[in-house]
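Novice: If you're matching positions, the sequence shown starts at 1053 in our numbering and goes up one per residue.
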Amino acid sequence: MRIPKSTKVGPMIYETIRADHLSAGPNLLYGQCDSENGKIYMQKCMDKKKEELVYFHELLHGIAHTYGINGLSEETIKILAPVLLDVLECNKMLKEDKK
Ligand SMILES: [Zn+2]
């Protein structure tokens, strides 16, 4: 799938930003969603599969924030992101990358 430069989620636009280094305190991160400012940060140089998964994970945080889904916990998102991606892939619902 193609990771979009920006993603419309209801009234919000989430811009995808590639970063050399992402961290929260001592923890290195693959991705981070800044819901207040409409940014999805992605670590550069991940393989394609990891990148898709990280994007979906962070997008779910953005969706939860935008629609006030307070019960969508980190643990639930960790389950939902790969499942959702798998359903979309297995049913050929994702556009392929443009070559
Ligand atoms: Zn998360």
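For glycine and all other residues, C-beta sits at the position ideal for the given N, C-alpha and C.
(1) With a cut-off of 8 angstroms, do at least 3 Cβ pairs link the region 1084 to 1098 to the region 1131 to 1145?
(2) Are R1070 and K1096 close, meaning C-beta to C-beta below 8 angstroms?
(3) For the beta strand (DSSP E) that contains Y1107, what are its first and last residues?
(4) Taking all protein chains shown into account, do 16 or more other C-beta atoms lie within 10 angstroms of the C-beta of V1106, making it buried, or fewer, making it exposed?
(5) Look at the alpha carbon of H1113 and the alpha carbon of G1077, and state the distance between them as a whole number of angstroms.
(6) Anyone know if the C-beta pair for I1115 and V1061 falls short of 8 angstroms?
(7) Taking M1064 as the reference, give the member of L1080, C1085, L1136 with the closest Cα.
Specialist: Concretely, from the data shown:
(1) no
(2) For this step, residue 1070 is matched to residue 18 along the sequence shown. For this step, residue 1096 is matched to residue 44 along the sequence shown. Yes, they are a contact pair.
(3) Here residue 1107 refers to the residue found at position 55 of the sequence shown. No beta strand (DSSP E) contains Y1107, which is instead part of the alpha helix (DSSP H) from 1100 to 1118.
(4) The residue given as residue 1106 occupies position 54 in the sequence shown. V1106 is buried by the Cβ-count criterion.
(5) Counting from 1 along the sequence shown, the entry for residue 1113 is found at position 61. Counting from 1 along the sequence shown, the entry for residue 1077 is found at position 25. The alpha-carbon atoms of H1113 and G1077 are separated by roughly 19 angstroms.
(6) On the sequence shown, residue 1115 is found 63 positions in, with the first residue counted as 1. On the sequence shown, residue 1061 is found 9 positions in, with the first residue counted as 1. Going by C-beta atoms, I1115 is nearer than 8 angstroms to V1061.
(7) In the sequence shown, the residue the question calls residue 1064 occupies position 12. Comparing Cα positions, the closest option is C1085.
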